[in-house]
Amino acid sequence: MKRMQKSLWPIVAVAVLVTLVALVANCGPKPPQRGGARGAGGSDQASAALATYVAPGDLDEYYLFYSGGHSGQIFVAGIPSMRHITTIPVFTPYPGTGYGFDDESKKMLGGYLWGDSHHPGFSETGGDYDGRWLFINDNANGRIARIDLRDFKVKQILKVPHISANHGSSFVTPNSEMVTMATRMSVPFPGGTYADVTEYAEKYQGIVAGIKLDPDSGDMSLGFEILVPPFDYDLGDAGKGPSEGYLFWTCYNSEREFIEGGKLEVTASQRDKDYILMVDWRAASAAVAGGQAENVGGAPVLYPDKVSDIAWYIPLAKSPHGVDVAPSGRWIVGSGKLSPTTTVYDIEKVKKAIAEKDFSDTIDGIPVLKYESVREAEVPVGLGPLHTQFDGRGYAYTSLFVESAVAKWKLPPYDDPSNMEQYVVDKIPVSYNIGHLVTAEGDSVSPDGNYLVALNKLSKGRHLSVGPSIPESAQLIDISGEKMKLLYDAFTEPEPHYALIIKADKINTVEVYKKDDDTWPKNEDAVWSVEETKIERNGSTVEVWMMAVRSYFAPDVIRVNKGDTVIIHVTNIEQTRDELHGFAIDDYNINLVIDPGETKTVTFTAEKSGVFAFYCTNFCSALHQEMQGYLLVK
Amino acid sequence: MKDYFYGITKKLIQPLSIKSRVVTIVAALILPLSFLAPLWHMTFVAQQYPEGLNLYIYSHALVGGNDGNDLTEINVLNHYIGMRELAPEDFNELKWIPLIIGGLMLLTLRAAAIGTLGSLVDVFVMSSYFGLFSLWSFWYKMNLYGRELDPTAAVKVDPFMPPVFGYELVGQFHVWSYPAAGSYVMTAFGLLLLLAMYLSWRSDPRAPV
Chain P
513 MKRMQKSLWP
523 IVAVAVLVTL
533 VALVANCGPK
543 PPQRGGARGA
553 GGSDQASAAL
563 ATYVAPGDLD
573 EYYLFYSGGH
583 SGQIFVAGIP
593 SMRHITTIPV
603 FTPYPGTGYG
613 FDDESKKMLG
623 GYLWGDSHHP
633 GFSETGGDYD
643 GRWLFINDNA
653 NGRIARIDLR
663 DFKVKQILKV
673 PHISANHGSS
683 FVTPNSEMVT
693 MATRMSVPFP
703 GGTYADVTEY
713 AEKYQGIVAG
723 IKLDPDSGDM
733 SLGFEILVPP
743 FDYDLGDAGK
753 GPSEGYLFWT
763 CYNSEREFIE
773 GGKLEVTASQ
783 RDKDYILMVD
793 WRAASAAVAG
803 GQAENVGGAP
813 VLYPDKVSDI
823 AWYIPLAKSP
833 HGVDVAPSGR
843 WIVGSGKLSP
853 TTTVYDIEKV
863 KKAIAEKDFS
873 DTIDGIPVLK
883 YESVREAEVP
893 VGLGPLHTQF
903 DGRGYAYTSL
913 FVESAVAKWK
923 LPPYDDPSNM
933 EQYVVDKIPV
943 SYNIGHLVTA
953 EGDSVSPDGN
963 YLVALNKLSK
973 GRHLSVGPSI
983 PESAQLIDIS
993 GEKMKLLYDA
1003 FTEPEPHYAL
1013 IIKADKINTV
1023 EVYKKDDDTW
1033 PKNEDAVWSV
1043 EETKIERNGS
1053 TVEVWMMAVR
1063 SYFAPDVIRV
1073 NKGDTVIIHV
1083 TNIEQTRDEL
1093 HGFAIDDYNI
1103 NLVIDPGETK
1113 TVTFTAEKSG
1123 VFAFYCTNFC
1133 SALHQEMQGY
1143 LLVK
Chain F
747 MKDYFYGITK
757 KLIQPLSIKS
767 RVVTIVAALI
777 LPLSFLAPLW
787 HMTFVAQQYP
797 EGLNLYIYSH
807 ALVGGNDGND
817 LTEINVLNHY
827 IGMRELAPED
837 FNELKWIPLI
847 IGGLMLLTLR
857 AAAIGTLGSL
867 VDVFVMSSYF
877 GLFSLWSFWY
887 KMNLYGRELD
897 PTAAVKVDPF
907 MPPVFGYELV
917 GQFHVWSYPA
927 AGSYVMTAFG
937 LLLLLAMYLS
947 WRSDPRAPV
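In structure tokens:
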């Protein structure tokens, strides 16, 4: 027995081992490498070229989401290459993806042909971007949209009553409980009321709002509105760390007037100081829950002269734009466009002033904190400071519109406050007239501190001329060292305001809607085989359940009578990535683009009689040209 | 000559030695592992399919890579040249191969329990025949699918034969076809049977079993 064990077991063990190794053996191809080529070149230009070069087939390290301004879109690019990758239509129809042509997206757009997308905001968990949703405001029509980052598509557009020109948006709290909205251009309250501008000071009102987010679905609903004096509520941010629980908005025109022909640029610049409005969103939510809000046109509105301890004003150098919370959450940075300084506030001092009622004034029930009590320092950054971002190493970067530059300066503490100049440690010129800037994950609790993108308003002469409609410029700047280094010029369509940079691995997309993936809402009108397709007539309504696959539609003939209501559901049954199909009907102003596994529906009236070809618009295969059919309207 | 056959027969009817039985049991036990892994693996790589399409042939199933979608994709591509759809329900092999593997396992266990060297030889011969027949069947199906193309297909191609073993360029596709883990399990099974036979052959027929 003993001998057997010695002689036999090794052989058996080897056989079993061979089998197990064979079972687990897996030799798949490796994915492309993320991150561009890196290395030190001879000259500055050579090193900049190497730093931004992403070899063919390789992937960028970061996503850059630009707001598209009055194009109503979001542009997605890669960093460091700055290559434009895709456009996400949000507030504007976009035939390229069929957005605004199918029933669902058309309904979401609500009849608007455009929006003014300004400030993208990521969902956050613990103050860090979690890569689930992207929010974006419509500055023109009081709306906010949510994009699902699994498929880069808009899932919801929320229109909120009373808000006029929603600019101070979309700033998200550190655990995605709330996203902000605010009135930039005050109008009479409630929304839709008529009052002449001569009654501006009394009848016109601003609104700031907290939009509640469902923690699982991201679904947005109105949490509260606060009626505030008719100033222009501009940019905002959500507090984090010690400032968690507060929302901040800058406001200009605290002169509280609109004089006809008086030029707001003049009348709104008379006072030495404007304000930051600070709101305790938990207290405001509790006040709504406690029945202290008045329902006005479906909105729970809080009046600060009746409900105390929800809002405060902090004085700030006049005509401010950005208010930005440092990664630690302690320092609040406000920039007055017409002052050569940026002001840093200490949230601990702010809390103390509130506790001690250290107020200098009260406006419509909102206490004004004493400036000297809450200010930590004024930093002489330069001319026209607009917006500030952070690197996570104790430095802040402020855009200087007038000076066309970015200033790098040190956050508190300051050993020698009598000489603040020494804390502005570097400055780099940009081309030209920078508005916002963005650093990698720069408004989260843990910025990456390597890249900064300057979003410039003017780009004159730095690209091939395209006539007078000149694009905008975005410049990639390396901030990993002591001195900022310009790496790359990119140009975008009109008109990025703010942008966000997120590490690529935080976003997990799907490229195919899998037939059995129940994490997406089920579409009852999907058909997955030729046998399931059908055409049904019900009175004067003809309903078609169609499928598309390489390279045919089934059915490929639809017969209707003039005046019929036609409903067509098209399912792209492909389960292979990048096998999109289009469905366009000649002369009927219809173009759907259906992604693999997706079903889209279009409803229209067959107003014109005749024969109309339909065809696949999104190139799919060698026989794409043959992918066609006919709509016969008798 | 007579003595030679007599000697062989005497060896063959001798009961298996203990070592031999243990090895035979191990062989029988690893055989069902071949259900867990594919027997054959085909990879199709083209410029626009850099990650490749994968087709795994199990004893009981035909499975595409990428959550099964690669099989659909192969069928979508093949419809252009008029090739019949690779539908698992059309492959009888997927029904009888598992049955036979189960039968072989029972026969192997039987040999281990009450068998002689002769019954081991039977199991080995049957397994080899089964293996070769399966390979032929696989080759025949490949040949049939590549030969019987729909004459009305959009793209006319000459009848072709994808590789059963090794590499071939088929149209724009580089195709590799190799045995996979399940086949290695079968091979290990065969080697263990050989080892068991050798151990019994070598052992002393007069020794107590």
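Just so you know, the protein sequences line up as chains P and F, in that order. Residue 806 in this note's numbering sits at position 294 of the first sequence, and the numbers go up by one each step. Residue 870 in this note's numbering sits at position 124 of the second sequence, and the numbers go up by one each step. C-beta atoms are modelled at their ideal positions from N, C-alpha and C, and glycine is treated no differently. Values in this document were obtained by computation on a predicted structure and should not be read as measured data.
A straight-line Cα-Cα distance of about 15 Å links alanine 652(P) and proline 632(P). Taking every protein chain shown into account, the CB of serine 617(P) has 16 or more other CB atoms within 10 angstroms, so this residue is buried. The straight-line gap separating the alpha-carbon atoms of alanine 858(F) and isoleucine 754(F) is approximately 20 Å.
Looking at the DSSP output, methionine 732(P) shares a beta bridge with Leu725(P). For asparagine 889(F), the secondary structure class from DSSP, reduced to helix, strand or coil, is helix. Within the segment 808-841 of chain F, the residues whose Cβ lies closer than 9 Å to some Cβ of chain P are Gly811, Asn812, Asp813, Gly814, Asn815, Asp816, Thr818, Glu819, Val822, Leu823, His825, Tyr826, listed in chain order. When 9 Å is used as the limit between beta carbons, alanine 900(F) is near these residues of chain P: Ser1063, Ala1134, Leu1135, Glu1138, in chain order. The alpha carbon of aspartate 1068(P) has as its nearest neighbour, out of Phe634(P), Trp1057(P), Ile656(P), Asp615(P), the alpha carbon of Trp1057(P). Taking the CA atoms as reference points, methionine 594(P) sits about 15 Å from glycine 580(P). Short of 8 Å from the beta carbon of methionine 697(P), and not among the five residues preceding or following it, lie these beta carbons of its own chain, in chain order: Ser676, Ala677, Asp744.
The residues Asp1068, Val1069, Ile1070, Val1123, Phe1124, Ala1125, Phe1126, in chain order, have a CB closer than 8 Å to that of tyrosine 1142(P) in the same chain once the five nearest residues on each side in sequence are set aside. Closest in C-alpha terms to arginine 783(P), from the list Met790(P), Glu767(P), Ser1052(P), comes Glu767(P).
Not a single C-beta of chain F is nearer than 8 Å to the C-beta of threonine 599(P).
Taking a 10 Å sphere around the C-beta of proline 778(F), we find fewer than 16 other C-beta atoms and assign the residue as exposed.
The Cβ atoms of threonine 1113(P) and isoleucine 1079(P) lie closer than 8 Å to each other. Here DSSP, grouped into helix, strand and coil, assigns methionine 943(F) to helix. Looking at Ile803(F), Tyr804(F), Ala942(F), Arg948(F), the one whose alpha-carbon comes closest to that of aspartate 868(F) is Ala942(F). Taking a cut-off of 8 Å on C-beta distances, the segment 1008-1024 of chain P touches the segment 620-638 of chain P, as three or more cross pairs fall below it.
Out of Lys756(F), Glu797(F), Ile776(F), Val921(F), the CA that lies nearest to the CA of methionine 851(F) is found in Ile776(F). Under the DSSP assignment, lysine 1027(P) falls outside any beta strand (DSSP E); it carries neither an H nor an E label. Residues of chain F with a Cβ closer than 9 Å to the Cβ of threonine 1021(P) do not exist; the shortest Cβ-Cβ separation is about 15 Å. Taken atom to atom, the span from the alpha-carbon of glycine 954(P) to that of threonine 855(P) is near 19 Å. With a 10 Å radius around the Cβ and a threshold of 16 neighbouring Cβ atoms, aspartate 990(P) comes out buried.
Looking at the backbone, the Cα of aspartate 1028(P) and that of asparagine 812(F) are separated by about 14 Å. Scanning its chain for C-beta atoms nearer than 7 Å, with the 5 sequence neighbours on each side dropped, one finds around proline 924(P) the residues Trp843, Val856, Glu888, Ala889, in chain order. Per the coordinates, the alpha-carbon of glycine 569(P) lies some 11 Å from the alpha-carbon of proline 796(F). Neighbours of threonine 1088(P) in chain F, taken as residues at a C-beta separation under 7 Å, are given in chain order as Asn815, Glu819. At a cut-off of 8 Å between C-beta atoms, lysine 1120(P) does not count as an interface residue with respect to chain F. Judged by DSSP secondary structure, serine 559(P) falls within the alpha helix (DSSP H) whose first and last residues are 556-564. Leaving aside the five residues that flank glycine 654(P) on each side, the residues in its chain whose CB is nearer than 7 Å to its CB run, in chain order, Lys671, Val672, Ile675, Ser676, Asn678.
Assignment of beta strand (DSSP E) within the segment 788-872 of chain F, counting only whole runs of 3 or more residues, yields 795-803, 808-810 in chain order. Annotation: the continuous alpha helix (DSSP H) that includes glutamate 714(P) extends over 712-715.
Here leucine 850(P) is actually not in contact with serine 911(P); their C-beta atoms are around 15 Å apart, not less than 8 Å.
DSSP, read as helix, strand or coil, puts serine 797(P) in helix. With 16 or more other CB atoms across the displayed protein chains lying within 10 angstroms of its CB, tyrosine 909(P) is buried. Following the DSSP letters along the chain, one finds glutamate 860(P) inside the alpha helix (DSSP H) bounded by residues 859-867.
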